[in-house]
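Scroll down for the structure; my scribbles are underneath it.
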Amino acid sequence: MARTTLVYGTLLVMVRISGKRTVGQFTPFDLLVVMLLSEAVSNALSGGDDSLLGGLLAAATLIGLNLLIGWLSALSPRMERFIEGRAVLLGRNGQIYEERLKQHRVGRADVTRALREADCPQGQMRCLFLESDGSISVLKKKES
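Residue numbering for the sequence shown follows my numbering, starting at 14 and increasing by one per position.
Printed below as a string of structure tokens:
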């Protein structure tokens with residue numbers, strides 16, 4: 014149980030450090046649970062060093078940690094920011110912040126696609142955000 018908790022915590026920090034674009038539509042802890050659950054159960058199924066009971070205990074620990082992190086995130090805005098991150102402003106009033114794109118490893122093609130999907134030419138863009146889940150959202154200027 015302690016080993017499972019240590020692996021969970023370490024991978025959570027590593028995924029958060031790797032950036033928003035790494036996790037795509039998953040929150041970091043959802044991605045970890047999916048990855049680690051399969052690993053925990055595979056050892057038990059393959060007949061390795063871990064027994065069936067050991068694999069199930071690891072899976073239960075992971076689910077419990079996921080619930081705990083979700084609960085703590087709901088109670089504490091600080092914990093929520095740590096786990097899920099914040100949206101990052103990538104552009105405003107038609108101007109794209111190239112340094113922010115580089116800093117967060119967002120390709121220009123991704124920005125172009127997001128503008129296209131929002132049916133928003135760059136000149137009509139009010140704000141462009143990299144969301145905490147890795148998606149890009151566009152706010153259009155209000156039409157007069």
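Positions of the beta carbon are idealized from the N, C-alpha and C atoms, including for glycine.
Here the structure is a predicted model, which means the values were calculated and not measured.
Whole alpha helix (DSSP H) runs in the segment 70-103 with 4 or more residues, listed along the chain?
90-97
On the CB-based measure, 16 or more other CB atoms within 10 Å of its CB, does Asn236 come out buried or exposed?
The chain is shown from 14 up to 157; residue 236 falls before or after that span and cannot be answered.
Looking only at its own chain, which residues have a Cβ that is under 6 Å from the Cβ of Val46, when we skip the five neighbours before and after it?
Leu75, Asn79
Name the residue from Leu103, Ser86, Gln116, Leu102 whose alpha carbon lies nearest to the alpha carbon of Phe95.
Ser86
By Cβ distance below 8 Å, which residues in the same chain neighbour Ser59 in space, the five residues on each side in sequence not counted?
The predicted position of Ser59 is uncertain, since its pLDDT is 48 and thus under 50; a value taken from the coordinates is nonetheless stated next. Result list for Ser59: empty, nothing under 8 Å.
For Val151, the first and last residue of its enclosing beta strand (DSSP E)
149-153
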